[in-house]
Amino acid sequence: MGWAIALHGGAGDIPLSLPPERRIPREAGLRHCLDVGIVALKAHKHPLDVVELVVRELENHPHFNAGKGSVLTTSGTVEMEACIMDGKTKKCGAVSGLSTVVNAISLARLVMEKTPHIYLGFDGAEAFAREQIDYTQPIQKEVKNDAAIADGDSQIGTVGCVAVDSEGNLATATSTGGLVNKMVGRIGDTPIIGAGTYANHLCAVSATGRGEAIIRGTVARDVAAVMEFKGLSLKEAAAYVVDQAPPGTAGLVAVSSTGEVAMPFNTTGMFRACATEDGYSEIAIWDCPSK
Amino acid sequence: MGWAIALHGGAGDIPLSLPPERRLPREAGLRHCLDVGIAALKAHKRPLDVVELVVRELGNYPHFNAGKGSVLTTSGTVEMEACIMDGKTKKCGAVSGLSTVVNAISLERLVMEKTPHIYLAFDGAEAFAREQGLEIVDPTYFITPENIERLKQAQEANRVQIDYNQPNQKEVKKDAAIADGESQNGTVGCVAVDSEGNLASATSTGGLVNKMVGRIGDTPIIGAGTYANHLCAVSATGKGEAIIRGTVARDVAAVMEFKGLSLKDAAAYAVEQVPPGNVGLVAVSSTGEVTMPFNTTGMFRACATEDGYSEIAIWDSPLK
Chain A
20 MGWAIALHGG
30 AGDIPLSLPP
40 ERRIPREAGL
50 RHCLDVGIVA
60 LKAHKHPLDV
70 VELVVRELEN
80 HPHFNAGKGS
90 VLTTSGTVEM
100 EACIMDGKTK
110 KCGAVSGLST
120 VVNAISLARL
130 VMEKTPHIYL
140 GFDGAEAFAR
150 EQIDYTQPIQ
160 KEVKNDAAIA
170 DGDSQIGTVG
180 CVAVDSEGNL
190 ATATSTGGLV
200 NKMVGRIGDT
210 PIIGAGTYAN
220 HLCAVSATGR
230 GEAIIRGTVA
240 RDVAAVMEFK
250 GLSLKEAAAY
260 VVDQAPPGTA
270 GLVAVSSTGE
280 VAMPFNTTGM
290 FRACATEDGY
300 SEIAIWDCPS
310 K
Chain B
188 MGWAIALHGG
198 AGDIPLSLPP
208 ERRLPREAGL
218 RHCLDVGIAA
228 LKAHKRPLDV
238 VELVVRELGN
248 YPHFNAGKGS
258 VLTTSGTVEM
268 EACIMDGKTK
278 KCGAVSGLST
288 VVNAISLERL
298 VMEKTPHIYL
308 AFDGAEAFAR
318 EQGLEIVDPT
328 YFITPENIER
338 LKQAQEANRV
348 QIDYNQPNQK
358 EVKKDAAIAD
368 GESQNGTVGC
378 VAVDSEGNLA
388 SATSTGGLVN
398 KMVGRIGDTP
408 IIGAGTYANH
418 LCAVSATGKG
428 EAIIRGTVAR
438 DVAAVMEFKG
448 LSLKDAAAYA
458 VEQVPPGNVG
468 LVAVSSTGEV
478 TMPFNTTGMF
488 RACATEDGYS
498 EIAIWDSPLK
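Heads up: the sequence lines are chains A and B, in that order. Numbering-wise, the first sequence is residues 20 to 310 according to the numbering used here. Numbering-wise, the second sequence is residues 188 to 507 according to the numbering used here.
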């Protein structure tokens, strides 16, 4: 056993021909955020703090679909959503429909810690944000012309992080701008506990891909359920669940209470990175680690 | 095998001393809605149509916390949410934050059938409802004097509360069973299966009294308050936050599938995992079984199966 961390910057139809000017900044982003997470775990920060920190870094990175760099709704607006969950207590927080909050994941954490609720959306969420410390700044709209997103149905983007410390405390966090050209008010899998985000005493999971398929497949919950009720290992459970989702729709990162890591996906690629206390680390987009 | 249907009008700290003027209309409502569902199943309507129909009926009853009669947010407004799911296809629809749409459950059926999405909320959901020509009313339509009073009481006590408290009897709030202001009851739901094993689930609610504006509960969360697959259909009710954490509706089906438990055992298991006083559910299986467990004081519920069995109950003993 030991600590472990995994993070993603989105699964989807990431073309193998992705040009360097689009690939390299994302790899650099993954590397940077992985380092931030490793440093925090080595400093014995609680996994809940680690995943929030890493997701904030990912949100601030304009090349990932979360925070700055979020994709736009059909009206050209930004509506961000995020979710955080603590495996030990199963406390969680989720937000949707944010357009002015710089770090949605931190607002989700505040919902979890400062309200009797789990999930706040839209105007109510923004009002709550304004009441808290200064979380809001006007967000500049980032128009994404990425050819990889030409297929309006696939979602490349969403960022997430899962972490476990050497005592087996687990946490997960996910954040996204959602689906390009989505209807105003559309909520995806990210803030849905059990779909895009889930943690309990066995594992922590953050999923990405086609939101509607992840919701139907209750992907994040199923990884833990299959471990618990069928006795599968983390790797087997995660692979099983991804196989249940229609091809091309899902990827996830997961860690177990015993420090294992799994990062399966049934899409062309998934921007991802992981590290374990024994020194292993990996950064990858397609099937071969791009170490 | 044969068809089966179960419906609920909310689980929670329903006081055993609930006076007749509050109990009888709800029993009548359950009986009426059960009859509507039975007639539809006998007429070979699809379970998806049956659950939508029954939940619409339940939503039109001001005594249940959905549609007209929805409890109020801390700002005195109504924010309704609902969810529907088809077990065979696992297609689903969900909406949150509605204040002008008369039948939330029909809106999310349209989200499911007419959009590439599952879940629409707040302004976007209301805009879609208008485009689809659904019945839109002024928000005051949904607000009842009882719920204004409940909100006032909750705000005086400065906590969120269940909606079955009697507004003009403050001593009821000192009842140990209701003293925990965190509990929620009220939500309506229906699950149904036809003789071919097609399953569907639908749930609808006004949410939690005195909730923060924008608060979303378990009802529209697939896998929490609502779920259906090829094995069973589930609709849960109770404290929304506990149901979300417990992924209650999904867990019933997961435990059947991965542990091989029967519907009754799986549902009992899922309810037991949630802290006492927080949850109830109705569920049917593809083989026509029904179960309605709860760990609260009571749950307004009713069920019927093709072999002629039927039940209407609030606490542990069926009222028949």
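Every residue gets a Cβ at the ideal spot worked out from N, C-alpha and C, and that includes glycine.
Closer than 7 Å, Cβ to any Cβ of chain A: which residues of the region 409-437 of chain B, in chain order?
Answer set for the region 409-437 of chain B: Ile-409, Gly-410, Ala-411, Glu-428, Ile-431, Arg-432, Thr-434 and Arg-437.
Straight-line CA distance for Asp-297 of chain A to Ala-101 of chain A?
Position 278 of the first sequence, counted from the start, is the residue given in the question as residue 297 of chain A. Position 82 of the first sequence, counted from the start, is the residue given in the question as residue 101 of chain A. Taking the straight line from one Cα to the other gives about 31 Å.
Classify Leu-72 of chain A as buried or exposed, calling it buried when 16 or more other Cβ atoms lie within 10 Å of its own Cβ.
If you number the first sequence from 1, residue 72 of chain A lands on position 53. Burial of Leu-72 of chain A is indicated by the presence of at least 16 other C-beta atoms within 10 angstroms of its C-beta.
Please determine, among B:Met-299, B:Asp-438 and B:Val-471, the residue with the shortest C-alpha to C-alpha distance to Glu-459 of chain B.
For this step, residue 459 of chain B is matched to residue 272 along the second sequence. When each option's Cα is compared against that of Glu-459 of chain B, the closest is B:Asp-438.
Along the chain, which unbroken stretches of the beta strand (DSSP E) at least 3 residues long are found entirely within the region 176-207 of chain A?
178-183 and 189-195
Span of the alpha helix (DSSP H) holding Ala-226 of chain B?
Numbered from its first residue, the second sequence carries residue 226 of chain B at position 39. Residue range 207-229 is occupied by the alpha helix (DSSP H) that includes Ala-226 of chain B.
Determine, using beta carbons only, whether Ile-292 of chain B comes closer than 8 Å to chain A.
Against the second sequence, residue 292 of chain B aligns to sequence position 105. Ile-292 of chain B does not count as touching chain A.
Cβ of Gln-312 of chain B within 8 Å of Cβ of Ile-409 of chain B?
As a first step, residue 312 of chain B must be located in the second sequence, where it is residue number 125. As a first step, residue 409 of chain B must be located in the second sequence, where it is residue number 222. Checking the displayed sequence, the identity of residue 312 of chain B turns out to be Ala instead of Gln. Their beta carbons are not under 8 Å apart, which means Ala-312 of chain B does not touch Ile-409 of chain B by this criterion.
Alpha helix (DSSP H) containing Val-298 of chain B: first to last residue?
Translated into the one-based positions of the second sequence, residue 298 of chain B becomes position 111. Segment 291-301, the alpha helix (DSSP H) holding Val-298 of chain B.
Would you call the region 90-105 of chain A in contact with the region 29-49 of chain A, where contact means no fewer than 3 C-beta pairs closer than 8 Å?
no
In chain order, what are the residue ranges of uninterrupted beta strand (DSSP E) at least 3 long that sit wholly in the region 220-277 of chain A?
222-228 and 269-275
Taking the alpha-carbon of Ser-276 of chain A as reference, which of A:His-220, A:Ile-212, A:His-82 and A:Val-242 has the nearest alpha-carbon?
Start at 1 with the first residue of the first sequence, and residue 276 of chain A comes out as number 257. Relative to the Cα of Ser-276 of chain A, the nearest Cα in the group A:His-220, A:Ile-212, A:His-82 and A:Val-242 belongs to A:His-220.
Counting along the chain, where does the beta strand (DSSP E) carrying Ile-302 of chain A start and finish?
Looking up residue 302 of chain A in the first sequence gives position 283. Per DSSP, Ile-302 of chain A belongs to the beta strand (DSSP E) from 300-303.
If you check the beta carbons only, do Phe-284 of chain A and Gly-270 of chain A fall under 8 Å apart?
In the first sequence, counting from the first residue as 1, residue 284 of chain A sits at position 265. In the first sequence, counting from the first residue as 1, residue 270 of chain A sits at position 251. Taking 8 Å as the Cβ cut-off, Phe-284 of chain A and Gly-270 of chain A qualify as a contacting pair.
Below 8 Å between beta carbons: does that hold for Ser-225 of chain A and His-82 of chain A?
The count along the first sequence starts at 1 and reaches residue 225 of chain A at position 206. The count along the first sequence starts at 1 and reaches residue 82 of chain A at position 63. No, the pair does not count as a contact, with Cβ atoms beyond the cut-off.
Compute the Euclidean distance between the alpha carbons of Gly-284 of chain B and Lys-61 of chain A, then round it to the nearest angstrom.
In the second sequence, counting from the first residue as 1, residue 284 of chain B sits at position 97. In the first sequence, counting from the first residue as 1, residue 61 of chain A sits at position 42. Rounded to whole angstroms, Gly-284 of chain B to Lys-61 of chain A spans 42 Å at the Cα level.
Using a Cβ-Cβ distance under 8 Å, would Glu-369 of chain B count as near chain A?
Position 182 of the second sequence holds residue 369 of chain B. Bear in mind that the predicted position of Glu-369 of chain B carries a pLDDT of just 27, short of 50, making it unreliable; the figure below should be weighed with that in mind. At least one chain A Cβ lies under 8 Å of Glu-369 of chain B.
Kindly provide the ranges of any beta strand (DSSP E) runs that are 3 or more residues long and lie completely inside the region 389-465 of chain B, ordered along the chain.
413-415 and 419-425
So for Asp-54 of chain A, helix, strand or coil by DSSP?
In the first sequence, counting from the first residue as 1, residue 54 of chain A sits at position 35. Helix, per DSSP.
Whose CA, out of B:Gly-485, B:Asp-494 and B:Pro-462, lies closest to the CA of Glu-476 of chain B?
To locate residue 476 of chain B, count along the second sequence from 1; it is residue 289. Answer by Cα proximity: B:Asp-494.
Curious, which full-length alpha helix (DSSP H) runs of at least 4 residues does the region 58-87 of chain A contain?
66-79
Counting Cβ pairs, one atom from each stretch, are 3 or more of them under 8 Å apart for the region 410-424 of chain B and the region 463-474 of chain B?
yes
Drop a sphere of 10 angstroms on the beta-carbon of Pro-407 of chain B, count the other beta-carbons inside from all chains shown, and report buried for 16 or more, exposed for fewer.
Reading the second sequence from its first residue, position 220 is the one you call residue 407 of chain B. That one is buried.
Go through the region 95-126 of chain A residue by residue and report every complete run of the alpha helix (DSSP H) that reaches 4 residues or more, in order.
none
Kindly list, in the order they appear in chain B, the residues whose Cβ is closer than 7 Å to that of Gly-204 of chain A.
Sequence index remark: in the first sequence, residue 204 of chain A carries index 185 (1-based). Those within 7 Å of Gly-204 of chain A in chain B are Leu-307, Ala-308, Phe-309, Asp-310, Gly-311 and Ala-312.
For Asn-84 of chain A, which option in A:Glu-279, A:His-65 and A:Leu-198 has the closest C-alpha, if you only look at C-alpha atoms?
Counting from 1 along the first sequence, the entry for residue 84 of chain A is found at position 65. Nearest C-alpha to Asn-84 of chain A: A:Leu-198.
In chain B, which residues lie with their C-beta within 7 Å of the C-beta of Lys-249 of chain A?
For the purposes of this step, residue 249 of chain A is taken as residue 230 along the first sequence, with counting starting at 1. Those within 7 Å of Lys-249 of chain A in chain B are Phe-445.
What in chain B is Cβ-close to Ala-144 of chain A, meaning under 8 Å?
One-based indexing of the first sequence puts residue 144 of chain A at position 125. Per Cβ cutoff of 8 Å: Gly-401.
Compare the C-beta of Ser-89 of chain A with all C-beta atoms of chain B and state if any pair is closer than 8 Å.
As a working mapping, residue 89 of chain A is identified with position 70 in the first sequence. No, its Cβ sits nowhere closer than 8 Å to a Cβ of chain B.
Run through DSSP, which three-state label would Phe-487 of chain B get?
In the second sequence, the residue the question calls residue 487 of chain B occupies position 300. Residue state, collapsed to three classes: strand.
Would you report the Cα separation of Gly-196 of chain B and Gly-320 of chain B, rounded to the nearest angstrom?
Counting from one through the second sequence, the residue named residue 196 of chain B turns up at place 9. Counting from one through the second sequence, the residue named residue 320 of chain B turns up at place 133. So the two alpha carbons sit approximately 28 Å from each other.
Is it right to say Tyr-248 of chain B is buried, meaning 16 or more other beta carbons lie within 10 angstroms of its own, or is it exposed?
Residue numbering aside, residue 248 of chain B sits at position 61 when the second sequence is read from its first letter. Buried.
Is His-80 of chain A buried or exposed, if buried means 16 or more other CB atoms sit within 10 Å of its CB?
Locating residue 80 of chain A in the first sequence gives position 61, counting from the first residue. His-80 of chain A is buried by the Cβ-count criterion.
Between Thr-484 of chain B and Leu-203 of chain B, what straight-line distance do the alpha-carbon atoms span, to the nearest angstrom?
For the purposes of this step, residue 484 of chain B is taken as the residue at position 297 of the second sequence. For the purposes of this step, residue 203 of chain B is taken as the residue at position 16 of the second sequence. Their backbone Cα atoms lie some 8 Å apart in a straight line.
Please tell me whether His-219 of chain B has its Cβ less than 8 Å away from any Cβ of chain A.
As a working mapping, residue 219 of chain B is identified with position 32 in the second sequence. Chain A places no beta carbon closer than 8 Å to that of His-219 of chain B, leaving this residue out of the contacts.
Tell me, please, whether the CB atom of Ala-214 of chain A is closer than 8 Å to any CB atom in chain B?
By one-based count along the first sequence, residue 214 of chain A stands at place 195. For Ala-214 of chain A, the answer is yes, since a Cβ of chain B falls inside 8 Å of its Cβ.
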